[in-house]
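Asks: My questions will all concern the structure given below.
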Ligand SMILES: [Zn+2]
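Residue numbers (the working numbering): 0 to 283.
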């Protein structure tokens, strides 16, 4: 009998240890990206002549929004067909070289998380944007797993704090902000209901040179991401809580939306229109 309890105790301790290791591994991956591997070979791409090209980059080494990424491919493929854009969807970082980037009118970090590019590839993207290219980020592209100063400063423009945990997904009204760019605002819905994982940032990107496209009422959601071991979070961005914003970056453009956690987002007409406008504006 004594032996039985000894084995039981070891089993419970072992399971507890395993859970602790798995949880620590998950948190590390979400915060830093793992495993990190870089593709350095230039892929073969046949760019059609006289067709604006869009690079849809869905590589993740941090948290993977698998369902959202899959759903987004269908949405972007439909938009490309409708607008006669050439869409290149990939998770291969080898495409981030000056020569091939120059062929694209816009690059989308599609829920791309973690460390996905090596320093030369990062520099190639920075130069591409500063010299007139367009970089668009969706949801996870704005979390804090990228560890890349230029990127954080110019794409989300704000440091990610957390997402709500007790009420991870919440439905609320998304409100169009005062006109900032007619091409971007063209035909956007004034107000719509949307369910998402509402990201909270430490800073307000609108105070840092960005213009808001859509905002929610930050006081109408429960922003709490409170966990025992997570402290010093920002628990409110106020009544104007931006969820889509843009700015001119060098000669180019950057646009980010914190929406896009779920697959259904990419089937919602108002969100699809926002993405269509962001690309039309980016490709101009
Ligand atoms: Zn998410």
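Just so you know, even glycine gets a beta-carbon here, dropped at the ideal spot from N, CA and C.
Computed from a predicted structure; not experimentally measured.
Please report how far the alpha carbon of residue 172 lies from the alpha carbon of residue 240, in whole angstroms.
Replies: C-alpha separation (whole angstroms): 11 Å.
Asks: DSSP three-state label for residue 264, please.
Replies: In this structure, residue 264 counts as helix in the three-state DSSP scheme.
Asks: So what does residue 161 bridge to, in DSSP terms?
Replies: Paired residue(s): 199.
Asks: Quick check: the region 170-184 against the region 149-162, are at least 3 beta-carbon pairs closer than 8 Å?
Replies: The region 149-162 vs the region 170-184: no contact.
Asks: Take every Cβ of the region 46-53, pair it with every Cβ of the region 99-107, and state whether three or more of those distances are shorter than 8 Å.
Replies: Output reads yes: the region 99-107 touches the region 46-53.
Asks: What do you get for residue 113, buried or exposed, if any count of 16 or more other CB atoms within 10 angstroms of its CB means buried?
Replies: It counts as buried.
Asks: Just mark residue 39 as buried or exposed, buried being the case when its beta carbon has 16 or more other beta carbons within 10 Å.
Replies: The residue in question, residue 39, is exposed, as its Cβ has fewer than 16 Cβ neighbours within 10 Å.
Asks: Could you check whether residue 51 and residue 85 sit closer than 9 Å to each other, using their CB atoms as the reference points?
Replies: It is a contact, given that the beta carbons lie within the stated cut-off.
Asks: For my contact list, residue 176 and residue 208 are in at a C-beta cut-off of 8 Å; report their separation, rounded to the angstrom.
Replies: With a Cβ gap of about 15 Å, residue 176 and residue 208 do not count as contacting.
Asks: For residue 246, is the classification buried or exposed, using 16 other Cβ atoms within 10 angstroms of its Cβ as the cut-off for buried?
Replies: The residue in question, residue 246, is buried, as its Cβ has 16 or more Cβ neighbours within 10 Å.
Asks: Compute the minimum distance between the beta carbon of residue 211 and the heavy atoms of ligand 1, and state whether it is under 8 Å.
Replies: Checking every heavy atom of ligand 1 against the Cβ of residue 211, none is found closer than 8 Å.
Asks: For residue 139, which of helix, strand or coil comes out of DSSP?
Replies: Looking at residue 139 - three-state DSSP - the assignment turns out to be helix.
Asks: In chain order, which continuous runs of the beta strand (DSSP E) of length 3 or greater are located wholly inside the region 37-105?
Replies: Listed in chain order, they are 52-56 and 85-89.
Asks: Does DSSP put residue 11 in a helix, in a strand, or in coil?
Replies: If DSSP states are grouped into helix, strand and coil, residue 11 belongs with the helices.
Asks: Any chance the CB of residue 61 is under 8 Å from a heavy atom of ligand 1?
Replies: Flag unset: Cβ of residue 61 not near ligand 1.
Asks: How would you write the range of the alpha helix (DSSP H) that residue 128 sits in, first residue to last?
Replies: Element bounds for residue 128: 118-129.
Asks: How do the region 116-136 and the region 163-171 stand: do at least 3 beta-carbon pairs fall below 8 Å, yes or no?
Replies: These segments do not touch.
Asks: Could you check if residue 81 is buried or exposed, using at least 16 other CB atoms within 10 Å of its CB as the buried criterion?
Replies: Its Cβ having fewer than 16 others within 10 Å, residue 81 is exposed.
Asks: Check residue 29 in the structure and name its three-state DSSP category.
Replies: Correct three-state label for residue 29: helix.
Asks: Near ligand 1, which residues have their beta-carbon closer than 6 Å to a heavy atom?
Replies: Counting every residue whose Cβ lies closer than 6 Å to a heavy atom of ligand 1, we get 64, 138, 139, 196 and 260.
Asks: Would you give the residue range spanned by the alpha helix (DSSP H) that residue 250 belongs to?
Replies: Counting along the chain, residue 250 falls outside any alpha helix (DSSP H), and DSSP gives it neither H nor E.
Asks: When we look at the beta-carbon of residue 67 and count the other beta-carbons within 10 Å, is it buried (16 or more) or exposed?
Replies: By the neighbour-count rule (16 or more Cβ atoms within 10 Å), residue 67 is buried.
Asks: Using a threshold of 9 Å, state whether the C-beta atoms of residue 272 and residue 70 are closer than that.
Replies: Contact flag unset, no.
Asks: In terms of residues, what are the limits of the alpha helix (DSSP H) holding residue 153?
Replies: Counting along the chain, the alpha helix (DSSP H) containing residue 153 begins and ends at 148-153.
Asks: With the cut-off set at 9 Å, would you say residue 57 and residue 98 are in Cβ contact?
Replies: In this structure, residue 98 does not lie closer than 9 Å to residue 57 by Cβ.
Asks: Bridge partners for residue 215 per DSSP, in chain order?
Replies: Residue 215 pairs with 240.
Asks: Run through DSSP, which three-state label would residue 4 get?
Replies: The answer is helix: DSSP assigns residue 4 an H, G or I state.
Asks: Taking all protein chains shown into account, decide if residue 95 is buried (16 or more other Cβ within 10 angstroms of its Cβ) or exposed.
Replies: Buried: at least 16 other Cβ atoms inside 10 Å.
Asks: Give the C-beta separation of residue 154 and residue 253 to the nearest angstrom, bearing in mind that I take them to be a contact with Cβ-Cβ under 8 Å.
Replies: With a Cβ gap of about 5 Å, residue 154 and residue 253 count as contacting.
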